[in-house]
Amino acid sequence: MEDFNDKWWPLVLNIWTKWDSSLVEIEADKNYSPPAITSAIKEYATLELGLGECARELRCKEVANIKYKVHGPTEAHLIGNVDLRLDISESISFLTEQGYRVKSYRISQRSTKDIVFAHSEQLKKLERHRWLTLMDSTHKTNRYDWRLFTLYVRNTYRCWNVGAHFFVSSEDADTVAEALTIIRNKCYHWSPVTYFLIRVISKPRALQRVFPAWPLVSKSARTKIGCESLIQDAINHCSVPSIQNYIKRNYAKNTEKWGLWARQHSPLLLQVTSTNSIESFHSKLEKVISSLYGLIGAVHGIVNIDCKKRSKAESASFDFLSKKVFTYDVDDDILEEIQKFPFPF
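Taking full-length UniProt numbering, the leading residue of the sequence shown gets 1, the next gets one more, and so forth.
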């Protein structure tokens with residue numbers, strides 16, 4: 001065994017390294033993200049080749065480097081200019097060409113640079129469906145580590161739509177507040193009846209500064225965390241083991257229901273219990289762009305996904321309006337009452 005480890009194992013590793021590079025190049029051609037490629041190759045090597053121990057040495061950074069060699073020439077325009085100012089300028093020009101309204105700004109006291117952008121159709125949706133707004137941010141969309149914030153609204157067909165985006169070089173309250181102020185000024189009818197279900201819970205001051213009269217609500221996961229804390233306190237302060245077990249059995253496993261109970265004051269918020277829809281948008285975006293891209297590469301990906309979301313929303317609207325509803329065996333009095341309801345728009 002020692003002889004194998006000394007003489008043959010390095011040879012096995014060398015063969016695996018070459019085979020590994022070939023696998024990465026094959027997968028990279030499909031344009032998956034480096035983490036997805038790494039995971040797929042490790043799974044294949046473990047289950048199909050029996051080389052799990054070798055595959056364990058594969059690092060995401062190695063995969064990213066190989067992918068860059070494969071896609072580098074075709075993705076040069078997405079890497080963008082090395083000069084940040086030129087990268088910003090090119091990104092603004094591209095967004096403007098695609099029908100987006102764009103504004104860049106700077107917070108002088110904090111030296112932060114930021115870009116706010118939204119398609120004209122998205123701004124219409126933000127104004128029209130203003131009763132609920134989801135907001136979330138994501139990172140690793142560009143090499144500057146600028147955070148991308150997205151606003152999401154839901155139309156009358158229960159289909160989620162993008163309202164606006166903004167890149168910020170810093171997530172401080174002043175910078176985020178300025179971006180929201182710009183969006184509010186572009187949407188004059190974005191009235192203060194909107195709720196924010198946010199995962200970026202460290203930024204409530206920015207929201208309350210721009211919309212002081214708006215009720216600010218965290219998503220159910222936050223209320224759930226609060227319930228978990230209260231339940232744990234009850235267990236810690238209880239000296240009777242049987243009661244402790246009762247609390248663990250009947251309360252600790254139902255924190256999601258308790259979180260919803262804490263929000264029962266709003267029927268609307270009971271319908272929207274998470275920010276999964278907006279997280280899904282960011283997840284799709286991260287699969288088609290790279291943290292090596294410049295801002296120009298990031299906005300290319302955003303524009304493509306925005307277009308797909310608008311098409312999906314239009315399709316849902318068409319399906320709803322063209323759907324046939326059979327009224328066989330429905331009482332005439334009921335049909336007359338149904339016709340009094342306003343038609344969704």
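The beta-carbon is built from N, C-alpha and C at its ideal position, and this holds for glycine as well.
Asked                                                                                                                                                                                  : Found
Considering Cα atoms alone, identify which of Ala164, Leu148, Glu171 is closest to Ile182.                                                                                             : Ala164
So, is Glu336 buried or exposed, given that buried needs 16 or more other C-beta atoms within 10 angstroms?                                                                            : exposed
If you compare alpha carbons, which of Glu62, Thr156, Cys159, Asn185 is closest to Phe117?                                                                                             : Asn185
Closer than 6 angstroms by C-beta to Tyr157: which residues in its own chain qualify, once you throw out the five before and the five after it? Chain order, please.                   : Ala316, Ser317, Phe320
From the DSSP output, in three-state form, read off Ser111 for me.                                                                                                                     : coil
Per DSSP, which residues does Val116 bridge with? Please list them.                                                                                                                    : Lys103, Phe166
Under the DSSP definition of a beta bridge, which residues are partnered with Leu321?                                                                                                  : Leu321 pairs with nothing; no bridge assigned.
Does Asp174 come out as helix, strand or coil in the three-state DSSP assignment?                                                                                                      : helix
Would the stretch 164-175 count as touching the stretch 98-118 if we require 3 or more Cβ pairs under 8 angstroms?                                                                     : yes
Using alpha carbons as the reference points, say which of Gln122, Arg85, Tyr44 lies closest to Arg310.                                                                                 : Gln122
Would you mind giving the Cβ-Cβ distance between Gly80 and Gly297, rounded to the nearest angstrom? I have them listed as a contact below 8 angstroms.                                 : 6 angstroms
Taking the alpha-carbon positions, what's the Ile334 to His119 distance?                                                                                                               : 41 angstroms
So, at 7 angstroms on beta carbons, what are the nonlocal neighbours of Ile278 in its own chain, with the 5 sequence-adjacent residues on each side left out?                          : Leu134, Asp136, Thr150, Tyr152
Determine whether the beta carbon atoms of Tyr293 and Asn142 lie at a separation below 8 angstroms.                                                                                    : yes
Are the beta-carbon atoms belonging to Val63 and Thr46 less than 8 angstroms from one another?                                                                                         : no
Expressed to the nearest angstrom, what Euclidean distance is found between the alpha-carbon atoms of Ile92 and Leu84?                                                                 : 12 angstroms
Within the same chain, show all residues whose beta-carbon is closer than 7 angstroms to that of Leu58, passing over the 5 residues directly before and after it, in chain order.      : Asp20, Thr38, Ile41, Lys42
Looking only at DSSP bridge pairs, what is Asp136 linked to?                                                                                                                           : Thr150
Give me, in chain order, the residues of the same chain whose beta-carbon lies closer than 7 angstroms to that of Ile289; leave out the 5 immediate sequence neighbours on both sides. : Thr141, Gly297, Ala298, Gly301
Cα-Cα, which of Glu228, His139, Asn236 is closest to Lys253?                                                                                                                           : Glu228
Whose C-alpha, out of Asn155, Pro241, Gln109, is nearest the C-alpha of Glu314?                                                                                                        : Asn155
So, helix, strand or coil for Asn304, using DSSP?                                                                                                                                      : helix
So if DSSP puts Trp160 in a beta bridge, which residue, or which two residues, is it bridged to?                                                                                       : Arg154
In this structure, does DSSP put His129 in helix, strand or coil?                                                                                                                      : coil
Measuring CB to CB, does Ile231 end up less than 8 angstroms from Cys238?                                                                                                              : no
Judging by CA-CA distance, which residue of Thr96, Glu286, Lys103 is the nearest neighbour of Leu180?                                                                                  : Lys103
Between the alpha carbons of Asp329 and Ile338, how many angstroms are there, rounded?                                                                                                 : 15 angstroms
Could you compute how far the alpha carbon of Tyr251 sits from the alpha carbon of Ser108?                                                                                             : 50 angstroms
Grab me the residues of Ile243's own chain with a C-beta within less than 8 angstroms of its C-beta, minus the 5 sequence neighbours each way, in chain order.                         : none
Provide the residue span of the alpha helix (DSSP H) that contains Tyr44, from first to last.                                                                                          : 34-47
Measuring only the C-alpha atoms, how far is Leu132 from Tyr44?                                                                                                                        : 44 angstroms
How many angstroms separate the CA atom of His139 from the CA atom of His282?                                                                                                          : 9 angstroms
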